[in-house]
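One structure is given here, and the rest of the page talks about it.
Protein chains: 2
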Amino acid sequence: MMSNLKQLAQTLGLSITTVSRALDGYSDVAVVTRERVRAAAHAINYRPNSAARSLRRRKAETVAVTLPMEPGRFGPPVFLNMLAACSQRLAEEGLDLMLLPTAGRAAEMETYRRLVDGGRADAIIVVRTRLEDERVAFLKERAIPFVTHGRTARAHEHAFIDGDGEAGFREATRLLASLGHRRIAHISAPQDLTFAHLRRIGWHAGLAHENLPEALECAARPTEIGGYEATRWLLQQPSRPTGLLCATDSIAIGALSALKECGLVAGRDVAVIGHDNLPSAAFTDPPLSTMEIAAPDVGCQLAEMLIARLGGRDPRDLQTILPVRQVPRATHGRPN
Amino acid sequence: MMSNLKQLAQTLGLSITTVSRALDGYSDVAVVTRERVRAAAHAINYRPNSAARSLRRRKAETVAVTLPMEPGRFGPPVFLNMLAACSQRLAEEGLDLMLLPTAGRAAEMETYRRLVDGGRADAIIVVRTRLEDERVAFLKERAIPFVTHGRTARAHEHAFIDGDGEAGFREATRLLASLGHRRIAHISAPQDLTFAHLRRIGWHAGLAHENLPEALECAARPTEIGGYEATRWLLQQPSRPTGLLCATDSIAIGALSALKECGLVAGRDVAVIGHDNLPSAAFTDPPLSTMEIAAPDVGCQLAEMLIARLGGRDPRDLQTILPVRQVPRATHGRPN
DNA sequence: TTGACTTTCCAAAACGTTTCGGATGCACTG
DNA sequence: CAGTGCATCCGAAACGTTTTGGAAAGTCAA
Numbered sequence: 019m020m021s022n023l024k025q026l027a028q029t030l031g032l033s034i035t036t037v038s039r040a041l042d043g044y045s046d047v048a049v050v051t052r053e054r055v056r057a058a059a060h061a062i063n064y065r066p067n068s069a070a071r072s073l074r075r076r077k078a079e080t081v082a083v084t085l086p087m088e089p090g091r092f093g094p095p096v097f098l099n100m101l102a103a104c105s106q107r108l109a110e111e112g113l114d115l116m117l118l119p120t121a122g123r124a125a126e127m128e129t130y131r132r133l134v135d136g137g138r139a140d141a142i143i144v145v146r147t148r149l150e151d152e153r154v155a156f157l158k159e160r161a162i163p164f165v166t167h168g169r170t171a172r173a174h175e176h177a178f179i180d181g182d183g184e185a186g187f188r189e190a191t192r193l194l195a196s197l198g199h200r201r202i203a204h205i206s207a208p209q210d211l212t213f214a215h216l217r218r219i220g221w222h223a224g225l226a227h228e229n230l231p232e233a234l235e236c237a238a239r240p241t242e243i244g245g246y247e248a249t250r251w252l253l254q255q256p257s258r259p260t261g262l263l264c265a266t267d268s269i270a271i272g273a274l275s276a277l278k279e280c281g282l283v284a285g286r287d288v289a290v291i292g293h294d295n296l297p298s299a300a301f302t303d304p305p306l307s308t309m310e311i312a313a314p315d316v317g318c319q320l321a322e323m324l325i326a327r328l329g330g331r332d333p334r335d336l337q338t339i340l341p342v343r344q345v346p347r348a349t350h351g352r353p354n
Numbered sequence: 019m020m021s022n023l024k025q026l027a028q029t030l031g032l033s034i035t036t037v038s039r040a041l042d043g044y045s046d047v048a049v050v051t052r053e054r055v056r057a058a059a060h061a062i063n064y065r066p067n068s069a070a071r072s073l074r075r076r077k078a079e080t081v082a083v084t085l086p087m088e089p090g091r092f093g094p095p096v097f098l099n100m101l102a103a104c105s106q107r108l109a110e111e112g113l114d115l116m117l118l119p120t121a122g123r124a125a126e127m128e129t130y131r132r133l134v135d136g137g138r139a140d141a142i143i144v145v146r147t148r149l150e151d152e153r154v155a156f157l158k159e160r161a162i163p164f165v166t167h168g169r170t171a172r173a174h175e176h177a178f179i180d181g182d183g184e185a186g187f188r189e190a191t192r193l194l195a196s197l198g199h200r201r202i203a204h205i206s207a208p209q210d211l212t213f214a215h216l217r218r219i220g221w222h223a224g225l226a227h228e229n230l231p232e233a234l235e236c237a238a239r240p241t242e243i244g245g246y247e248a249t250r251w252l253l254q255q256p257s258r259p260t261g262l263l264c265a266t267d268s269i270a271i272g273a274l275s276a277l278k279e280c281g282l283v284a285g286r287d288v289a290v291i292g293h294d295n296l297p298s299a300a301f302t303d304p305p306l307s308t309m310e311i312a313a314p315d316v317g318c319q320l321a322e323m324l325i326a327r328l329g330g331r332d333p334r335d336l337q338t339i340l341p342v343r344q345v346p347r348a349t350h351g352r353p354n
């Protein structure tokens, strides 16, 4: 069923070499022959065997990304859209993007080894980056091209693309302060995740800039439940916050639910701001004030960086921090 | 950097054959040799080149699934969790699960061809199945093992796993009827998608069973916006429905938002029921009544079916319809 | 007619693995 | 000592492609 060059060559009365070169459009095969070959290949639905091709070419023509299945960074919708855009751009260069779900860090590292040492991928996208990231260390040691989505502690040494969550949270904090809030709490995601770390830094900087005192902070898993529980806790504290800066929209959605349960209305009694602008964020009650990366084409830019890295470009030329845009809706009013 | 059997054999003073067989645990290599080989392989982090291996073995040891990027079926969180579980089970059999994002049906079909005719995948998972599905037709013609997630019009001929959305919607309709609702509308997803078709059938059957008249129906994209717009429209109709059966939770979330905007409270003025039990469904206001597939291990079952298919089992023995469980929360009260 | 050049094609090697069909040496049997 | 059987190893072919280094035939100028 699966046809190959040999069959094709036999039916055409040509050599394997010529057929191969015809399909690849080399100039040393006659135009008429090339067209004849192409027609035949099309007729039998020939597709080159990818194992044989990448064995010979010594490259997989594939970019891989592992999908750690714990919650975090943005929720999949946004995230997958980014990867879809990335994949489209990569396809133009003849590169496949393949996603590999992994459960747990150990399994993820083993996948990395199979990918890299087994020659399954020519380049890698690292997502859900941590400040100290063993995957980045591994890839640097193996000297395989990669781009991280999110920075690391040693981001100056590798290619990355990231949103400026720090600035976003600084601005959001200052926005709340300018509205009169003085107790602006932060519900943070696990601090080993770089994005969570930076957003917390931004919140801190905003407080300092506005000469506000140290405010409450609560660590949470980046899920609705995490946000719900953190908010319940914050509301029980002696100096209850009037503003809630949530590391992610998922957290914020949980926070909204907790507020309602306590008879508080978001945007009037307590201000809430999230990050990511999830599709459902516009449909919460009240609609969630949030922020998002301003670029419409992160995935495409990510692809460009990968292509550049594969072309040998210096990773230090490939470091993009994208501005973050506030998406004000109804949950960030002045304190009453 | 990338080490291979030849190097390994040279440093060990053995033949490539023996090294290969030692690593694969054949019994015709001495125990002491085998251990020596394994130690050396471990030391240099040897991983077999996957292209060479699958070229020789004539199989890719890979199961593929394309991810169509339009919205639909369940939102990614649930969906990816299922695939992650599937991938874990497949890994136990030495199979990789790879996800390939695709944009548009044409691109998806081209990906299928590269996967199948190019020998990149030994089996395929079809998601977001349609009643008449060109992908299923293609795979059947090529006689490559596959399992669909969701049925097709010709489901009796192939392996599938699916939730019993029809029964779920029938029950939900009868539940609302038993609470006193008489005008139960349905917000449907595009009817070429099997799941949408079946849920609509279930709603219809429920109405018939309760001797309720034909009720309003509105087609929507399976997104929050779709649900929002459909609900706005339904509320403007002369005989406004008191119950809203939404094809998906995303739709239901949009519906909740529209109801609120019209000053109606869900669960009191209008009953709303969704499907999928998204993580955020527990955190809407009021918490969304919905339903979900009762099995905790759909992904794992899916993997088992793939393994069985790869083992040559008849697809007609591999057809699972999983029960759907109602998840009642606060949006399905009696009409006032 | 000869030589140089161009056009068009091809044989064979190589990529790294698995596997078939022995080969070698040794112990044991009769 | 010949014969048998076993334990351990290995050479070589094969998987399907790309690519190197020509070969063959035709064209053209001198």
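Just so you know, the sequences run in chain order H and U.
For the first sequence, the tail end lands on 354 under this note's numbering, and the numbers increase by one without skipping.
For the second sequence, the tail end lands on 354 under this note's numbering, and the numbers increase by one without skipping.
Even for Gly, the Cβ is constructed at its ideal location relative to N, Cα and C.
Between the region 323-334 of chain U and the region 267-283 of chain H, the count of Cβ pairs shorter than 8 Å is below three; the stretches do not touch. Here the region 254-266 of chain H lies against the region 223-242 of chain H, with 3 or more beta-carbon pairs under 8 Å apart. For residue 279 of chain U, the secondary structure class from DSSP, reduced to helix, strand or coil, is helix. Not one beta carbon of chain U lies nearer than 7 Å to the beta carbon of residue 42 of chain H. Between residue 192 of chain H and residue 206 of chain H, the beta carbon gap of about 18 Å keeps them out of contact (Cβ cut-off 8 Å). Looking at H:202, H:175, H:170 and H:200, the one whose alpha-carbon comes closest to that of residue 210 of chain H is H:170. Scanning its chain for C-beta atoms nearer than 8 Å, with the 5 sequence neighbours on each side dropped, one finds around residue 252 of chain H the residues 203, 205, 234, 236, 258, 259 and 262, in chain order. Distance from the Cα of residue 186 of chain H is smallest, within the candidate group H:30, H:29 and H:340, for H:340. Ranked by Cα distance from residue 293 of chain U, the options U:316, U:134, U:266 and U:338 are led by U:266.
Along the region 204-271 of chain U, the alpha helix (DSSP H) occurs as fully enclosed runs of 4 or more residues at 212-227 and 242-254, listed in sequence order.
The Cβ atoms of residue 306 of chain U and residue 270 of chain U sit closer than 7 Å to each other. Per DSSP, the unbroken alpha helix (DSSP H) holding residue 95 of chain U starts and ends at 94-110.
For the region 47-74 of chain U, the beta-carbon criterion of a distance under 9 Å to any beta-carbon of chain H is satisfied by 63, 64, 65, 66, 67, 68, 69, 70, 71, 72, 73 and 74. The straight-line gap separating the alpha-carbon atoms of residue 64 of chain H and residue 295 of chain H is approximately 44 Å. Excluding residues up to 5 positions away in sequence, 33, 34, 36 and 37 lie with their Cβ nearer than 8 Å to the Cβ of residue 27 of chain U in the same chain.
In the three-state reduction of the DSSP assignment, residue 114 of chain U falls in the strand class, which pools E and B. Residue 315 of chain H: not part of any beta strand (DSSP E); DSSP gives it neither H nor E. Runs of alpha helix (DSSP H) with 4 or more residues, each lying fully within the region 132-201 of chain H, are found at 152-160 and 183-196, listed in chain order. With respect to chain U, the C-beta atom of residue 213 of chain H has no partner C-beta closer than 7 Å. Chain-order list of chain H residues neighbouring residue 246 of chain U: 301, by C-beta distance under 8 Å. The Cβ of residue 258 of chain U sits no closer than 7 Å to any Cβ of chain H. Counting only residues of its own chain and dropping the five nearest sequence neighbours on each side, residue 181 of chain H has a CB closer than 7 Å to the CB of 311, 340 and 342. For residue 71 of chain H, there is no enclosing beta strand (DSSP E); the enclosing alpha helix (DSSP H) covers residues 68-75. DSSP places residue 51 of chain U in the uninterrupted alpha helix (DSSP H) bounded by 49-61.
Judged by beta-carbon spacing, residue 86 of chain H lies within the 7 Å limit of residue 120 of chain H, meaning their Cβ atoms are closer than that value. The beta-carbon of residue 325 of chain U is placed no less than 7 Å from the nearest beta-carbon of chain H. Residue 160 of chain H and residue 274 of chain U have their C-alpha atoms roughly 51 Å apart.
At least one beta carbon of chain U lies nearer than 7 Å to the beta carbon of residue 132 of chain H.
Sorting H:113, H:183 and H:122 by C-alpha distance to the C-alpha of residue 142 of chain H places H:113 at the top. Residue 173 of chain H and residue 315 of chain H have their C-alpha atoms roughly 22 Å apart. Straight-line spacing of the CA atoms in residue 162 of chain H and residue 134 of chain H works out to 8 Å. When U:94, U:286, U:313 and U:319 are compared, the shortest CA-CA separation from residue 303 of chain U is found for U:286. Proximity to residue 201 of chain H across H:228, H:216, H:213 and H:97 peaks at H:228, based on C-alpha coordinates.
Sequence-distant Cβ neighbours of residue 111 of chain U in its own chain, meaning closer than 7 Å and more than five residues away, are 325. At a cut-off of 7 Å between C-beta atoms, residue 102 of chain U counts as an interface residue with respect to chain H. Against chain U, the CB of residue 135 of chain H has a partner CB under 7 Å away; the residue lies at that interface.
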